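Here the protein sequences line up with chains A and B, keeping their order. Residues in the first sequence are numbered from -5 upward in steps of one, following this note's numbering. Residues in the second sequence are numbered from -5 upward in steps of one, following this note's numbering.
Protein chains: 2
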Amino acid sequence: MSASTSDKHAGESSGLALDTDLGWAIRMVSSAFRRVATESVADLPGGARAYLVLVALASGEPPSQLALAKAVSLDRTVMTYLLDDLEAHNLVTRRPDPRDRRARQVLLTDAGRTRLNQVRENLAAAEAKLLVDLDEHDALQLRTLLARVAQTAQSSSAAPAETDC
Amino acid sequence: MSASTSDKHAGESSGLALDTDLGWAIRMVSSAFRRVATESVADLPGGARAYLVLVALASGEPPSQLALAKAVSLDRTVMTYLLDDLEAHNLVTRRPDPRDRRARQVLLTDAGRTRLNQVRENLAAAEAKLLVDLDEHDALQLRTLLARVAQTAQSSSAAPAETDC
DNA sequence: TATTGTTATACTCTATAACTATA
DNA sequence: TATAGTTATAGAGTATAACAATA
């Protein structure tokens, strides 16, 4: 574990080190991803969050803004101006839901789908840059484990009740 | 999101889905960690970032503020008021570097070391909560892979030159 | 001239409350 | 009363520039 020099304060020996800290690793990976992904989504109004919205819109029936917000784990208040921006650039459209006059259905336009595919290619390259030191197997392993934790995290955050430890 | 019904828009079949998106997973894991870790570091002035500072201080020689900032990948401008806060609570001390009158050495106090160990126990429980759906092997695997990516990310972010593709 | 620490400023992201129109 | 969408505001976190003291 590369505890090269002095450990007079009992640091590394007790597992107390920055490079083995989960919070530090998450912070570093998160900021590194943002760094490499920023230019990939630079021409997308709304940036990385807008990309997630487009991905969520790419399949299935047109969702309401609230359903969309829950799907990508964004607040519905940010969904409003995110969609404002995307709609102003003709990447999505909003139409009234015929079944519920409070709700609006969100649809991906053809231009939006095209743009999504462009951004997606850029992002694939950026992700490869982030995981450059991992071989194919390890990269897939990391993606899979992250996805699993992400999904359980989404489920548990969506369920605010039932806290019987 | 249970891709049970229609895939008429060729979403999942081309790998274009939210639950397999690396950026989404990183975002979710990052926010989930922040959620579970927040109360663990609630009584620490400066929160999660202050914890990283204390960890970095727990071993080795007392670093300068700049060296400390580089070690935890924080800006030196935030290090200033982070240390202001920690010092005001007697968790760290600053003293002039006898070898360089511009620099100040940062030291962990006994109270700081005690507090660090308390927070560390809380964080261990919070991390377990985050990784609850992973068995011991998978959890270690994820920690290891994240740490590897984090370290290469730190190295590459610290070296802004040498961009010969 | 370059570096250490500090201060100030701005921008992004996030969180919350309040309002409307519908149900 | 509750829900969908909107608007406004406040707070973290981050990034940058400028400054004083020292090298």
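Every residue gets a Cβ at the ideal spot worked out from N, C-alpha and C, and that includes glycine. All values reported here derive from a predicted model rather than from experimental measurement.
- L12 (chain B) is positioned such that its CB atom lies closer than 8 Å to that of V66 (chain A).
- Using a Cβ-Cβ distance cut-off of 8 Å, the region 40 to 52 of chain A and the region 9 to 28 of chain B are in contact, since at least three pairs of beta carbons, one from each stretch, lie closer than that value.
- CA-to-CA, the gap between A144 (chain A) and G41 (chain A) works out to about 21 Å.
- In the assembly as shown, D104 (chain B) is an exposed residue. Its beta-carbon has fewer than 16 other beta-carbons within 10 Å.
- Proximity of G17 (chain B) to chain A, defined by a Cβ-Cβ separation below 8 Å, is satisfied.
- Under the 8 Å criterion on CB atoms, Q135 (chain A) is classed as interfacial with respect to chain B.
- As computed with DSSP, R98 (chain A) is found in a beta bridge with A:P90.
- Residues are counted here when their Cβ sits less than 8 Å from a Cβ of chain B; for the region 36 to 55 of chain A these are A42, Y45, L46, V49, A50, A52, S53, G54 and E55, given in chain order.
- Interface annotation, S58 (chain B): not in contact with chain A, CB-CB separation never under 8 Å.
- Cβ contact annotation for T146 (chain B) (same chain, cutoff 8 Å, sequence separation greater than five): none.
- The C-beta distance from P39 (chain B) to L68 (chain B) rounds to 15 Å, too long to fall under 8 Å, and the pair is not in contact.
- For a cut-off of 8 Å, the C-beta gap from L85 (chain B) to R109 (chain B) is around 6 Å, short enough to register as a contact.
- Taking a 10 Å sphere around the C-beta of S149 (chain B), we find fewer than 16 other C-beta atoms and assign the residue as exposed.
- In the three-state scheme derived from DSSP, where H, G and I count as helix and E and B as strand, S149 (chain B) is classed as helix.
- When DSSP states are grouped into helix, strand and coil, S58 (chain A) belongs to the strand group.
- If you draw a 10 Å sphere on the C-beta of G106 (chain A), you find 16 or more other C-beta atoms in it, and that means buried.
- One Cα belongs to A120 (chain B), the other to A152 (chain A), and the distance between them is close to 18 Å.
- Residues of the region 121 to 148 of chain B that bring their beta carbon within less than 8 Å of a beta carbon in chain A comprise E121, L124, L125, V126, D127, L128, D132, Q135, L136, R137, L139, L140, A141, R142, V143, A144, Q145, T146, A147 and Q148, in sequence order.
- Contact note: V66 (chain B) reaches chain A through L12, using a C-beta cutoff of 7 Å and chain order.
- Excluding sequence positions up to five before and after Q99 (chain A), its CB lies within less than 6 Å of the CB of P56, R89 and D91, all in the same chain and listed in chain order.
- Using a CB distance cut-off of 8 Å, M73 (chain B) does not count as an interface residue toward chain A.
- A straight line joining the alpha-carbon of A61 (chain B) with that of L101 (chain A) spans about 50 Å.
- Counting along the chain, E121 (chain B) sits inside the alpha helix (DSSP H) bounded by residues D104 to L124.
- Here DSSP, grouped into helix, strand and coil, assigns D37 (chain B) to coil.
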